[in-house]
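**Student:** Would you mind keeping the following structure in view while I ask a few things?
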Amino acid sequence: MELFHENGHLTDDALQALLHETLDELERLEVAEHLAFCDDCIINYTALLTEDTLLTPSTPVALTAWQRIRQKIRQSLVSRYISAAACAALALVLWSSGIFNLDIKTFSENTLTTVNETTQMISSSTSGWTQDRIADIQNIFAKEEGTEKNEHKEK
Amino acid sequence: MTNEQFRDMTIQYEKLVYTICYQMTRNTHTAEDLTQETFLSAYTHKESCPDDYTKQWLARIATNKAKDFLKSAYNRRVYLDAGETGLEVISQEPLPERLVETDAETEHIRSLVNKLKEPYLKVCTLYFFEEYSTEEIADALKRPKKTVETQLYRAKQKLQTFIKEDSDGTFS
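Taken in sequence, the protein lines are chains G and W.
According to my numbering, the residues represented by the first sequence are 1 to 155, in order.
According to my numbering, the residues represented by the second sequence are 1001 to 1172, in order.
Rendered as structure tokens:
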């Protein structure tokens, strides 16, 4: 059986053999390599994948994939909030220290004391703020999960 | 594409992606893993999904995932099966490039190359007889350069096997 035409495209025999699972490992690799870049052949292959030929996975793969995606979204949002909070805290500390003023020749004891007190105050308030934002995000996703579960029950 | 639309898409095309992954790998657990990987990759690139070709777009991603898996498994199996003896024998055989010195040797190599089937035949013809580089072969045949390099590598292995069979034939 020829898998490829002279022009390099897959033969009908090749696609049928793929569908009927009669290709060996190397042949499947060769077919996969071609389908990975050939638009014409991928269109021909997907046209053969009609509803009656499709297989059903034993576990709900789409649902599992979607849960992994949501976890990634959550992690991304939390890390963005933390980064933003850290930047804001740093900017406030630097501003309090007077580093943005033009005249920064002397750093008096009072200024250093102010910086230390300000740093401690900002650190305790931002950690509380960050925790509150994390709780908000978790509540949003918990509500979404509750809504999805209700929809699933209705179905 | 919103997250809700993407979620609906995963439900709609779950069987299609799984079927492709299974037909390529013929293993249910691998197919399930690759199906998940396909949707994860699709989510990362969801903005590039063409409107009327969602099915083909997902099929392309699934095929690429399966291809990478098959390639890794095949390479591991080939090197394990070859063992020390196999690799030594293969490496001792001269590479086809080194044989093309006389007209007779050229014809000999041409006859061996003509034994190859596509997708290796054209790649080898352009490489050995037209002296194309892999970039030029990729342009001429409209294949990715990496695919051409892989096909050339496999073709050389097949040619070395032909050369070895020829040598054994001469002495037997």
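Idealized CB from N, CA, C, for every residue including glycine.
Does the beta carbon of G/I137 sit closer than 8 Å to a beta carbon anywhere in chain W?
**Tutor:** Here the question's residue 137 of chain G lines up with position 137 in the first sequence. Judged by the 8 Å Cβ criterion, G/I137 is not in contact with chain W.
**Student:** Would you give the residue range spanned by the alpha helix (DSSP H) that W/F1006 belongs to?
**Tutor:** Stepping through the second sequence from its first residue, residue 1006 of chain W is reached at position 6. Note, W/F1006: alpha helix (DSSP H), 1003-1025.
**Student:** With a threshold of 8 Å between beta carbons, is G/S58 in contact with chain W?
**Tutor:** By one-based count along the first sequence, residue 58 of chain G stands at place 58. Closer than 8 Å to some Cβ of chain W, the Cβ of G/S58 qualifies, so yes.
**Student:** Where DSSP assigns a beta bridge to G/L10, which residues make up the other side?
**Tutor:** The residue labelled residue 10 of chain G in the question sits at position 10 within the first sequence. Note: G/L10 sits in a beta bridge opposite G/F4.
**Student:** Leaving out five residues on either side along the sequence, give the residues of the same chain with a beta carbon under 8 Å from the beta carbon of W/T1038.
**Tutor:** Stepping through the second sequence from its first residue, residue 1038 of chain W is reached at position 38. For W/T1038, where only same-chain residues beyond five positions count, the Cβ hits under 8 Å are V1017, C1021, L1058, I1061, A1062, K1065.
**Student:** Leaving out five residues before and five after W/Y1043 in sequence, what residues of the same chain have Cβ atoms less than 7 Å from its Cβ?
**Tutor:** Numbered from its first residue, the second sequence carries residue 1043 of chain W at position 43. Cβ neighbours of W/Y1043 beyond the five flanking positions: F1006.
**Student:** What residue does the alpha helix (DSSP H) around G/N44 start on, and which one ends it?
**Tutor:** On the first sequence, residue 44 of chain G is found 44 positions in, with the first residue counted as 1. Here the alpha helix (DSSP H) through G/N44 covers 39-48.
**Student:** Please report the straight-line C-alpha distance between G/E51 and W/E1105, rounded to a whole angstrom.
**Tutor:** Along the first sequence, read from residue 1 onward, the residue named residue 51 of chain G stands at position 51. Along the second sequence, read from residue 1 onward, the residue named residue 1105 of chain W stands at position 105. Cα to Cα, G/E51 sits roughly 54 Å from W/E1105.
**Student:** Tell me where the alpha helix (DSSP H) around G/E33 begins and ends.
**Tutor:** As a position in the first sequence, residue 33 of chain G is number 33, starting the count at 1. 25-35 is the span of the alpha helix (DSSP H), which, as asked, contains G/E33.
**Student:** Measure from the alpha carbon of W/K1146 to the alpha carbon of each residue in G/P60, G/H9, G/A36, G/Q131, then state which is nearest.
**Tutor:** The residue you call residue 1146 of chain W lines up with position 146 of the second sequence. Comparing Cα-Cα distances from W/K1146 to each of G/P60, G/H9, G/A36, G/Q131, the minimum goes to G/A36.
**Student:** Please list the partners that G/R28 has in chain W, where partner means a Cβ-to-Cβ separation under 7 Å.
**Tutor:** Indexing the first sequence from 1 puts residue 28 of chain G at position 28. M1024, L1070, listed in chain order.
**Student:** Measure the C-alpha to C-alpha separation of G/E30 and W/N1114 and round it to an integer number of angstroms.
**Tutor:** The count along the first sequence starts at 1 and reaches residue 30 of chain G at position 30. The count along the second sequence starts at 1 and reaches residue 1114 of chain W at position 114. Answer to the nearest angstrom: the Cα atoms are 19 Å apart.
**Student:** Note down, in chain order, every chain G residue with its Cβ under 7 Å from the Cβ of W/T1030.
**Tutor:** Reading the second sequence from its first residue, position 30 is the one you call residue 1030 of chain W. Residues of chain G passing the Cβ test: none, with the nearest at roughly 12 Å.
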